[in-house]
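A short write-up of the structure that comes next.
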Amino acid sequence: MRDVHALAPAHDRLGLHRVGVAAVKKPLVVQRPGRQVTLTVAFAVAVDLPSTRKGSDLSRNAELLAEVVDWTSQRPVSSLESACASIARELLVRHPYATRSEVEAQAEYFATRGVSPARRSLENFGLFARATAHREGPDSLSVARSVAGEAVGMTACPCAMETAREKLTAEFPLLADPSLRNLPIVTHNQRNRTRLTLDLPDGAEVEVDELLEAIEAAQSSPTYAILKRGDEADVVLAAHRHPKFVEDVVRDLLASLPAKFPSLPDATGVQVRTVSEESIHKYDVTSSHESTLGELRATVG
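Using my numbering, the first residue of the sequence shown is number 2, and each one after it goes up by one.
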């Protein structure tokens, strides 16, 4: 049978950076210390394509995903990012003409949350992983991997709060009493979506729960699926006692990481991105930053 994929393309000087398959959904069983988690994962895998080939052998990608993922009920993987790394390595084995492979995975992750013990439930978060492999020689590959968690919480605007305080004090002079200076005042709130990504050196591991805890602590308040009327007031007051710009969310999260992950090496890459879906504006507000744990340790101690 003629291999059309291996033929020379019409534009034989143009190689392509990525050719692959995406939105491949699979159940993945992950064995973490003391527990087992089943994730529904959407994979995207790709390799580069040299200028000498018309097409990539895409069926090999689907076969590889089936071999690595379909039987994890009997052979669980240690993490989502380790599964991505294994797939990235094997992609270069099965595509000998490629020099680079890329694997991305995203899943919904459920963790127990609640404003009180009586209101606890399983709530959804985002879990992301990525791995890239490079062919460095005939018998050597290098693999880089990352893991990310994403949490949705809320922020309360500190600027509008202070402006409202001034206006309300003019209307209600009693608010000028110094003992009321820390009284939370009305302001506009945002649904805040923050993602924390760590680029993990060889041998380094993290728990996604620790990523999510760090994110939620940096927001004005977490949000919850189950809230009674009194609980709603508690969440609103908690957020208004910790008003934050998106810049505050990013800085507070970055500053917390050295103490949160003391065993990770200085070379660990860090990316933070936050988006506040504005309630009184017709746009979103964003902030992001990239660093390493070593740089953060030198900056914030």
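Beta carbons: idealized from backbone N, C-alpha and C, even for Gly.
Nothing here was measured: the structure is a model prediction, and the numbers come from that model.
* Asked: How is GLY35 classed by DSSP in three states: helix, strand or coil?
  -> Numbered from 1 along the sequence shown, position 34 holds the residue referred to as residue 35. Reduced to three states, the DSSP call for GLY35 is coil.
* Asked: Under the three-state reduction of DSSP, which class applies to VAL237: helix, strand or coil?
  -> Here residue 237 refers to the residue found at position 236 when the sequence shown is read from its first residue. DSSP places VAL237 in helix when its eight states are reduced to three.
* Could you say which of VAL116, SER143, SER147 lies nearest to ARG131 if we only look at CA atoms? => The sequence position of residue 131 within the sequence shown is 130, counting from 1. It is SER147 whose Cα lies nearest to the Cα of ARG131.
* Among residues of its own chain, excluding the 5 on either side of VAL286, which ones have a beta-carbon nearer than 7 Å to its beta-carbon? -> For the purposes of this step, residue 286 is identified with residue 285 of the sequence shown, where counting begins at 1. The residues are VAL247, SER277, GLU279.
* Could you check if SER222 is buried or exposed, using at least 16 other CB atoms within 10 Å of its CB as the buried criterion? => The residue labelled residue 222 in the question sits at position 221 within the sequence shown. SER222 should be labelled buried.
* To do: Look at the Cβ atom of THR195, then the Cβ atom of LEU254, and state whether they are nearer than 9 Å.
  => Taking the first residue of the sequence shown as 1, we reach residue 195 at position 194. Taking the first residue of the sequence shown as 1, we reach residue 254 at position 253. A contact, by the Cβ cut-off of 9 Å.
* Close beta carbons around GLU105, own chain, < 6 Å, minus the five adjacent residues each side -> Residue numbering aside, residue 105 sits at position 104 when the sequence shown is read from its first letter. Cβ neighbours of GLU105 beyond the five flanking positions: ALA45, ARG131.
* For GLY56, which residues from the same chain have a beta carbon less than 6 Å from its beta carbon, with the 5 sequence-adjacent residues on both sides left out? -> By one-based count along the sequence shown, residue 56 stands at place 55. Excluding positions up to five away in sequence, the list reads HIS6.
* Asked: What does a CB cutoff of less than 6 Å around VAL241 pick up in its chain, not counting 5 residues either side in sequence?
  -> Here residue 241 refers to the residue found at position 240 when the sequence shown is read from its first residue. Residue identity differs from the one stated: residue 241 is His in this sequence, not Val. Here the set comprises ALA157, PRO185.
* **Three-way DSSP call (helix, strand, coil) for ASP203 in this model** => Here residue 203 refers to the residue found at position 202 of the sequence shown. If DSSP states are grouped into helix, strand and coil, ASP203 belongs with coil.
* The alpha helix (DSSP H) spanning GLY16 covers which residue range? -> For the purposes of this step, residue 16 is taken as residue 15 along the sequence shown, with counting starting at 1. Careful: GLY16 lies outside any alpha helix (DSSP H) and carries neither H nor E.
* With a cut-off of 8 Å on the beta carbons, I'd call GLY115 and ILE227 a contact; round off their distance for me. => The residue given as residue 115 occupies position 114 in the sequence shown. The residue given as residue 227 occupies position 226 in the sequence shown. Confirmed, Cβ separation roughly 7 Å.
* Can the beta-carbon of GLN32 be found less than 9 Å from the beta-carbon of PRO77? -> Here residue 32 is taken as the residue at index 31 of the sequence shown, counted from 1. Here residue 77 is taken as the residue at index 76 of the sequence shown, counted from 1. Contact: yes.
* Asked: Got a sec? Which residues, its chain only, sit under 6 Å from VAL61 by beta carbon, not counting five neighbours each side?
  -> Position 60 of the sequence shown, counted from the start, is the residue given in the question as residue 61. Residue identity check: residue 61 is Arg in the sequence provided, not Val. So the list reads ARG95, once near-sequence residues are dropped.
* To do: Identify whether GLU208 lies in helix, strand or coil by the three-state DSSP scheme.
  => Position 207 of the sequence shown, counted from the first residue, corresponds to residue 208. Here GLU208 sits in coil by DSSP.
* Asked: If you drop the 5 nearest sequence neighbours on each side, which residues of the same chain put their C-beta closer than 6 Å to that of ALA161?
  -> Locating residue 161 in the sequence shown gives position 160, where the first residue counts as 1. Within the same chain, ALA161 has close Cβ partners THR188, HIS189.
* Asked: Among THR41, LEU294, VAL209, which has the Cα closest to the Cα of SER74?
  -> The residue given as residue 74 occupies position 73 in the sequence shown. SER74 has its Cα closest to that of THR41, out of THR41, LEU294, VAL209.
* Asked: Quick one: any contact between the region 199-206 and the region 263-273, if contact means 3 or more CB pairs under 8 Å?
  -> yes
* Determine which residues share a DSSP beta bridge with VAL104 and list them. => Locating residue 104 in the sequence shown gives position 103, where the first residue counts as 1. Beta-bridge pairing links VAL104 to VAL46, ALA132.
* **Residue interval of the alpha helix (DSSP H) (run including GLU254)** => Here residue 254 refers to the residue found at position 253 of the sequence shown. As written in the sequence, residue 254 is Leu, which differs from the Glu given in the question. Start and end: 247-261.
* Just checking, does the region 229-243 make contact with the region 137-153 on the three C-beta pairs under 8 Å criterion? -> no
* Looking only at C-alpha atoms, which of GLU151, GLU103, THR170 sits nearest to GLN272? -> On the sequence shown, position 271 is the one that residue 272 refers to. Of the candidates GLU151, GLU103, THR170, the one whose C-alpha sits nearest the C-alpha of GLN272 is GLU151.
* Is LYS168 buried or exposed, if buried means 16 or more other CB atoms sit within 10 Å of its CB? -> Within the sequence shown, residue 168 is the residue found at index 167, counting from 1. The residue in question, LYS168, is exposed, as its Cβ has fewer than 16 Cβ neighbours within 10 Å.
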